[in-house]
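Everything on this sheet refers to the single structure shown next.
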Amino acid sequence: MRLIGDFQDERQIFGFQLFLKKEGIQSVYDASKDAQGQPLYRLWIIEEDDFDKAYAFYQQFQRNPQDFRFEPTKEKIAEPPPPDKNPSSRWKVRMAAPRQGSSFSLNNFIILLCGLLFILNSIQERNILAQKGLEALQVGFTPLEKKLVFDYPAYFVNFEKFLEEYPIRTPEEIKELSAEGQACFEKVKNTPTWKGVLDLLVKRSWKDYDKLPPGTLFGKIRQGEYWRLFTPALLHFNFIHILFNMAWVWLLGRQIELRLGMLRYLIFSLIVGMAANVAQYLMSGPEFLGYSGIVVGMVGFIWMRQKLAPWEGYPLQPAIVRFMAIYVVVLLALELVSIGLDYFRVTELYAPIANTAHIVGGITGILLARFPFFSRSKK
-13 MRLIGDFQDE
-3 RQIFGFQLFL
7 KKEGIQSVYD
17 ASKDAQGQPL
27 YRLWIIEEDD
37 FDKAYAFYQQ
47 FQRNPQDFRF
57 EPTKEKIAEP
67 PPPDKNPSSR
77 WKVRMAAPRQ
87 GSSFSLNNFI
97 ILLCGLLFIL
107 NSIQERNILA
117 QKGLEALQVG
127 FTPLEKKLVF
137 DYPAYFVNFE
147 KFLEEYPIRT
157 PEEIKELSAE
167 GQACFEKVKN
177 TPTWKGVLDL
187 LVKRSWKDYD
197 KLPPGTLFGK
207 IRQGEYWRLF
217 TPALLHFNFI
227 HILFNMAWVW
237 LLGRQIELRL
247 GMLRYLIFSL
257 IVGMAANVAQ
267 YLMSGPEFLG
277 YSGIVVGMVG
287 FIWMRQKLAP
297 WEGYPLQPAI
307 VRFMAIYVVV
317 LLALELVSIG
327 LDYFRVTELY
337 APIANTAHIV
347 GGITGILLAR
357 FPFFSRSKK
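Reminder that position 222 of the sequence shown reads as 208 in this note's numbering, one-by-one numbering, no gaps.
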C-alpha cells in the first residue's frame, strides 16, 4: 500500500476515490491535520500494481480538480458518508491516525539489549581467546552464552573440563597429546548429545538418538530454565549478523509496535521467537543464535495484515517481501546443497545457517496475523 497524495477537501478525495473504484483501483483514505491544524486527507493505493495508473489519474486531477469525472454525482451522494461503525466494510473503513503510545519503545529496548549483549559477549570471547586459545573458543561457550543459548548439554561441559585438564590452544595440538590425553579427547568427542534431525539424516542412522540418555532433549529447559526458549534470539555471532538483524528490527518492529502496542508486540515477538528456536533446535541442535527468525516473522505478519486489513496502514513495500522471500530461498538452497554433499560423502561442507528458524518464524508470523488479537488497536 502506497500513499498517492494529500487533499484539503474531503468531498474531493471522496469523489476521486469513487472514480478510482470505477476504474478497478482499490484505495482507502485517512483524516488528520496539517501543521496549521487544518484538515488533511491522505489517499492510499492498496495494490502496488495499481499505483502508476492511479498516480496518472491523480496528476490529471491536480491539473483540473473540477473535471466532472472526479465529482461524485448529486444523484448518488451529496456529502461524504459518515464513518462506518462496522470495520468489516472494505471501502468505508478509514485508516486510523497513528497511535499515541507511551514514550517507552519496546522495539528500541530490544535493539539496545541485543547491542549490549553483543558487546559483552564479544569481550568475553576476546578474553577466552587470549587466555585459553582458539580451540576453547571454537568448541566452548562464553559465560553469557552458557546462560542464554537454547541448551548447554553434557557434551560441552565435558569439553570444557577436558580443556581445563589439557590446556591446548589450537586444534593441531590435539595430535601432540599423550595417548591418555587423546583417549580422553575421543571419549569427550563421543559424548552422546542432540545434534538435530539433520545430523541423523546425514549419518543415515538413528543409533545416535538411541544412545541419548533420558532427558537429553531440552535438558536445561526441563530443569526450569524456560528463558532459553527465547534468549538465543538476543545473541549474535558477529557485527554483520547483528547489524543486519537490528536494521530490520528497527524498520519492521516499530511498525508493529505502533499499531499493536507494547504488550501485544511483546507477545508476538515471544511466540515467533520461541516457535523459531524450538524448530531450529529440533533440526540442528543448540548451536544457533540470532533474531532473524523473528525478523522473517515480522515480514510475514505485516504482509498478511496488508492482505487482510490494508486500512491498518503498514507501509511495507512488496519489494521488501520479495527480497526476504528470495533471501530465505537462497539460504535454503545453500543448506540443501551442504546437506546433499555431506549425505553423499562428497565433502563435509557445513553451512551455519539457521534457515529452519527463518521458515518457521515466517509461517508463525503469517498465522498470528490471522488472529483478531493482533489486529490494529482502535485506541
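Heads up, the beta-carbon is just placed ideally off N, CA and C, and yes, glycines get one too.
Under three-state DSSP, which class holds Y15?
Residue 15 sits at position 29 when you count from the first residue of the sequence shown. Three-state result, Y15: strand.
M260 and L215 look like a contact to me (Cβ under 8 Å); what is the Cβ gap, rounded to whole Å?
Within the sequence shown, residue 260 is the residue found at index 274, counting from 1. Within the sequence shown, residue 215 is the residue found at index 229, counting from 1. Yes, they are in contact, since the Cβ atoms of M260 and L215 sit about 5 Å apart, within 8 Å.
Cross-strand partners of P25 (DSSP beta bridge)
The residue given as residue 25 occupies position 39 in the sequence shown. P25 is bridged to K19.
Anyone know if the C-beta pair for F127 and R250 falls short of 8 Å?
Walking along the sequence shown from the start, residue 127 turns up at place 141. Walking along the sequence shown from the start, residue 250 turns up at place 264. In this structure, R250 does not lie closer than 8 Å to F127 by Cβ.
Cβ neighbour criterion (16 or more within 10 Å) applied to F357
The sequence position of residue 357 within the sequence shown is 371, counting from 1. Exposed: under 16 other Cβ atoms inside 10 Å.
Taking all protein chains shown into account, decide if W192 is buried (16 or more other Cβ within 10 angstroms of its Cβ) or exposed.
The residue given as residue 192 occupies position 206 in the sequence shown. W192 should be labelled exposed.
Which of helix, strand or coil DSSP assigns to P306:
The residue you call residue 306 lines up with position 320 of the sequence shown. Going by the sequence as given, residue 306 is Ile instead of Pro. Of the three classes helix, strand and coil, the one that applies to I306 here is helix, per DSSP.
Just the Cα atoms here: how many angstroms apart are K386 and F225?
Here the chain has residues from -13 to 365 only, and residue 386 is not among them.
Any chance you could list the beta strand (DSSP E) runs of at least 3 consecutive residues sitting entirely within the region 110 to 147, in chain order?
Restricted to the region 110 to 147, not a single beta strand (DSSP E) segment is unbroken, complete and at least 3 residues in length.
Cβ pair count under 8 Å reaching 3, the region 286 to 300 against the region 203 to 219
No contact exists between the region 286 to 300 and the region 203 to 219.
W213 in three-state terms, based on DSSP
Residue mapping note: residue 213 aligns to position 227 of the sequence shown, counting from 1. Helix at W213.
I'd like the list of long-range same chain contacts for R55, defined as Cβ closer than 8 Å, with 5 residues on each side in sequence excluded.
Counting from 1 along the sequence shown, the entry for residue 55 is found at position 69. In chain order, F5 place their CB closer than 8 Å to the CB of R55, counting only its own chain and leaving out the 5 sequence neighbours on each side.
Three-state class that DSSP yields for E151 in the structure shown
Translated into positions along the sequence shown, residue 151 becomes position 165. It is helical.
N-terminal and C-terminal residue of the beta strand (DSSP E) that G(-9) is part of
Looking up residue -9 in the sequence shown gives position 5. Looking at the DSSP string, the run of the beta strand (DSSP E) that includes G(-9) is -12 to -7.
Secondary structure of W236, DSSP reduced to three states:
Locating residue 236 in the sequence shown gives position 250, where the first residue counts as 1. In the three-state reduction of the DSSP assignment, W236 falls in the helix class.
Hey, out of G347, K181, I154, L322, whose CA is closest to F254's CA?
Indexing the sequence shown from 1 puts residue 254 at position 268. F254 has its Cα closest to that of G347, out of G347, K181, I154, L322.
Distance, Cα to Cα, E131 vs T177?
For the purposes of this step, residue 131 is taken as the residue at position 145 of the sequence shown. For the purposes of this step, residue 177 is taken as the residue at position 191 of the sequence shown. One C-alpha to the other measures close to 20 Å.
Hey, how far is the Cα of G182 from the Cα of C170?
For this step, residue 182 is matched to residue 196 along the sequence shown. For this step, residue 170 is matched to residue 184 along the sequence shown. Distance between G182 and C170, taken at the CA atoms: about 25 Å.
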